[in-house]
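Worksheet for the structure shown next.
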Amino acid sequence: MKKRIGLIAVAAVWAALAVWAWLRPAQDLSLSERRPLARKPTLRWETLLDGSFMADFEDASLDQFPLRDSFRRVKSLVHFYALNQSDKDGIYVSDGVAAAQEYPLSETSVNHALDRFNRVYEQYLRGTDSRIFCAVVPDKGYYLAEETGHLSMDYGHLFSLVAEGIPWAEQIDLTDTLSAEDYYRTDTHWRQERLIPAAQRLCGALGVTPPKQEDYTVTPLERPFYGVYYGQAALPMSPDTLCLMESGLLDACTVYDYETGKTGAVYDESKESSKDLYDVYLSGARSLLTIENPNAATDRELILFRDSFGSSIAPLLVSDYAKVTLVDLRYIQSDYLGQFLTFSGQDVLFLCSTLVLNSSAAIK
Amino acid sequence: MVFSSIPFLYYFLPAVLGVYFLAPRRWKNGVLLLASLVFYGWGEPKLLWLMVFTIALFYLCGLAIEGAKTRRWKTVWLIVSIAAGVGLLGVFKYADFFIGSFNAVTGLRMPLLKLALPIGISFYTFQCLSYTVDVYRGSVPAQRNPITFGAYVALFPQLIAGPIVRYVDVARELEARTHSWEDVTAGLRRFLVGLGKKVLLADNFALLIRLFRESGEKSILFYWMYAIAFTLNIYFDFSGYSDMAIGLGRVFGFRFVENFNYPYLSKSVTEFWRRWHMSLGSWFRDYVYIPLGGNRVSRGRWVFNILTVWMLTGLWHGAAWNFVLWGLLFAALLLAEKWVPALGKLPGVLRHGYVLLAVVLSFVLFNAESLAQAGSDFACLFGFGGLGLTSPETLYYLKSYAVLFLIGILGCTPVVKHTAAKIAGTKAGPVLETALMLALLIVCTAYLVDGSFSPFLYFRF
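Chains A and B, in that order, are what the protein sequence lines are. Taking the numbering used here as reference, the numbering of the first sequence is continuous, increasing by one, and the terminal residue is 364. Taking the numbering used here as reference, the numbering of the second sequence is continuous, increasing by one, and the terminal residue is 1461.
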């Protein structure tokens, strides 16, 4: 009898989930994973015959399953704590900090990125009197992996590949200006309010006035910041707080977006409700932006080849520059740059993260 | 469709169970046949005709064998059925293997057929062959109801990955079976245990195997981890599927044959094959080895019989030379055990160690993409690959998978079953058992919801 009751309990849970899965209205978006969810396909004779209906239905049944985030959390808890596995799909959590295991080093990928940088140099910079610099932004794993017993790429080799691959750029070492605490616990990126030492190192090399902490007001955003690792790890983690380094100088700056033709502010308030709160820094992923600084101490200009890490540090570099142009080669092919920019002796900084260098297929 | 998928667990199965148990008794086989065709068509919509054709062909052959007036005509119809079954297997599964081998030997360039391998064709063809042979032998009457016969051939619980259920074993249940709470309880419990084996163990070992293959920093130790991980992966994958099939069968009122009996506890290769994929081993024994004369023949002929059966066993698993060699390796080990009786007198630990080593190495051959890769894998396993003993990556994955290896190794023994039986005998047993079943359901669902599609290894056979 007890066994029968037990079976009824199991069957009831099973049936309840099944009925819920059948009847649940479709969801559009997974906030934790920041991606659209697959929807159940419409049954058509052709899709039935070629099997695509079944494949799409399977995708949708996974994406639309009730309590999906809770189930993903159950898996993570079992994976990390019951099976004691060190990472889940390359993501690990240590002392409440989530990070991606960047391993192994892909020399092919690094060389691809360097090839693109060399192309920019040959097309636009060779023969100009630009001073050219390069700084590699270490990912969080640089500081965490060894300490927590996880795998990491051979960073030393990566740095030497970069130094040898673009000998025309003066290398700026940022590694000793940062620590694991300077990155969001739930995200890949670094925290703007902790970047003064790194920005000082960059400005020192560029020969402009380094920023000082007291020049800024640190303003935390109200909305909690759940970074990309939060969704991937699917573990119970408290969110980060995203802060803006505000100043009168930055308030006066304007940002021109070549994609939209619109002019806005350094910190894009409209992004405070976006999927990725980090987009608040210079509106997130953009191919070509120009920051105009009317209160600049000099008329010097900086061209910053950057990835998303550049979005949060660029505002800390602008004080002496009348104009800072940000180029993201993942979103614009270098061949087209000449249509928008004139390379004529500006300072040039290639600021690229180890994450992008090690997975650089997107760099055009 | 695979059992370990959300569409099966939460869409197909509940719907089929609902319709099946609501349907009147005389419609139940029809419901099963229809559900089985949907199940099969879900993965192979374009090859559904092959399933229907196979059912019709063997149904008619069975009737023809039984209805034939003379022994000669019975034999003719049996040969027709065997030729058709083997022919279908030959065309869909082996044609490209034979053409490729022929091209390699002759230097010709005969074009390959490149036909899609129908899911489960080896399983359902062998079931059909056993049916006509058994009708021919008079062991069982031919099935006159095409729906009942169709339900037998296409029965979805065991359609795509066994166990190989002979018609004679389920003939009575196909006609008149009973359903009980006990069967449903035991069946669902067995199903969930199998689901856990597949989703929590086999798929996790499969991930380690993938990481090993992708690694650019292999070591000797990593190769051994891979070999052991694959040995555990294939066991939990296949035995998990068999558990699910047997469990589902029981829910629907069938008692399928057991397929595994702790094979890694064996102390001889002979014993291993009495415990591993038992339904295949007994099929080859009853339908190939004994008809060839078994061991009641001259020594030379007996060796021929053994080699034939094991070469076919290898080929049954896949149309490639590494499978043939895999089968012949076991033939050699079985012959060695017969010819060197001293092997059986070694201490139990040594015999057990020898079987485990043989099995682990055989699965390295089994899982190789080519003979060249198998050769390279063996060289690396024994230190001839120019690799270090270990590497940081190896040690990382060893630590990461240590608990899983431990659970996997324990899961290959009866320890878990005995412990569960002890707990079930206590006062809190039923509550704990229910909690465990619920936990299995929830955790497996969690892994499926979060994970990507992972097909059963035995799909290709």
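By construction, the Cβ of each residue, glycine as well, lies at the ideal position given by its N, Cα and C atoms.
- Listed along the chain, the chain A residues whose CB falls inside 9 angstroms of the CB of residue 1399(B) are 84, 86, 149.
- Between the region 1310-1326 of chain B and the region 1366-1377 of chain B, the count of Cβ pairs shorter than 8 angstroms is three or higher; the stretches touch.
- Sequence-distant partners of residue 1118(B) (beyond 5 residues in either direction) whose C-beta falls short of 7 angstroms from its own C-beta, in its chain, are 1044, 1047, 1050, 1092.
- Membership of residue 220(A) in any alpha helix (DSSP H) is not indicated; the residue belongs instead to the beta strand (DSSP E) covering 217-220.
- Contact check for residue 323(A) against residue 351(A) fails: the beta carbons are separated by 9 angstroms or more.
- For residue 71(A), the C-beta contacts it makes with chain B under 8 angstroms involve 1442, 1445, 1446, 1449, 1450, in order along the chain.
- If you draw a 10 Å sphere on the C-beta of residue 151(A), you find 16 or more other C-beta atoms in it, and that means buried.
- Inside the region 104-159 of chain A, DSSP marks whole beta strand (DSSP E) runs of 3 or more residues at positions 132-137, from first to last along the chain.
- Cβ neighbours of residue 297(A) within its own chain (closer than 6 angstroms, five residues either side excluded): 320.
- The region 1220-1254 of chain B contains, as complete alpha helix (DSSP H) runs of 4+ residues, the segments 1220-1251 (chain order).
- Sixteen is the threshold: when 16 or more other Cβ atoms of the shown chains lie within 10 Å of the Cβ of residue 1077(B), as they do, the residue is buried.
- Beta-bridge partners of residue 301(A) (DSSP): 323(A).
- In the DSSP assignment, residue 36(A) forms a beta bridge with 29(A).
- Taking C-beta atoms as the reference points, residue 266(A) and residue 250(A) count as a pair closer than 9 angstroms.
- Contacts with chain B at 9 angstroms (Cβ-Cβ) include residue 51(A).
- The Cβ atoms of residue 63(A) and residue 30(A) sit closer than 9 angstroms to each other.
- Proximity of chain A to residue 1216(B) at the Cβ level (cut-off 7 angstroms) is accounted for by 104, in chain order.
- Buried is the label assigned to residue 1143(B), since at least 16 other Cβ atoms lie within 10 Å of its Cβ.
- Where residue 76(A) is concerned, the enclosing alpha helix (DSSP H) starts and stops at 68-77.
- For residue 94(A), the nearest beta carbon of chain B is not closer than 9 angstroms to its own beta carbon.
- Under the DSSP assignment, residue 243(A) falls in the beta strand (DSSP E) whose first and last residues are 243-246.
- Fewer than three beta-carbon pairs drawn from the region 1103-1114 of chain B and the region 1129-1140 of chain B are found closer than 8 angstroms, and the two stretches are therefore not classed as touching.
- Residue 115(A) and residue 328(A) have their C-alpha atoms some 15 angstroms from each other.
- At a cut-off of 9 angstroms between C-beta atoms, residue 1052(B) does not count as an interface residue with respect to chain A.
- By the Cβ neighbour-count rule, residue 358(A) is buried, with 16 or more other Cβ atoms within 10 Å of its own.
- Per the Cβ contact rule, the region 197-206 of chain A is in contact with the region 166-183 of chain A (3 or more Cβ pairs under 8 angstroms).
- Residue 1077(B) sits in a helix when the DSSP states are folded into three classes.
- Between residue 1287(B) and residue 1080(B), the CB-CB gap reaches or exceeds 9 angstroms.
- Around the beta-carbon of residue 333(A), fewer than 16 other beta-carbon atoms lie within 10 Å, marking it exposed.
- Taken in chain order, the complete alpha helix (DSSP H) segments of 4 or more residues contained in the region 329-357 of chain A are 337-340, 354-357.
- Residue 1325(B) is outside the set of residues whose beta carbon lies under 9 angstroms from a beta carbon in chain A.
- By the neighbour-count definition (other C-beta atoms within 10 Å, threshold 16), residue 1419(B) is an exposed residue.
- When the Cα atoms are used, residue 49(A) and residue 1014(B) turn out to be separated by approximately 24 angstroms.
- Shown here, residue 163(A) sits in a helix according to DSSP, grouped into three states.
- Residue 1451(B) and residue 21(A) have their C-alpha atoms spaced approximately 17 angstroms apart.
- Of all residues in the region 1380-1393 of chain B, only 1392, 1393 come within less than 9 angstroms of chain A when Cβ atoms are compared, listed by chain position.
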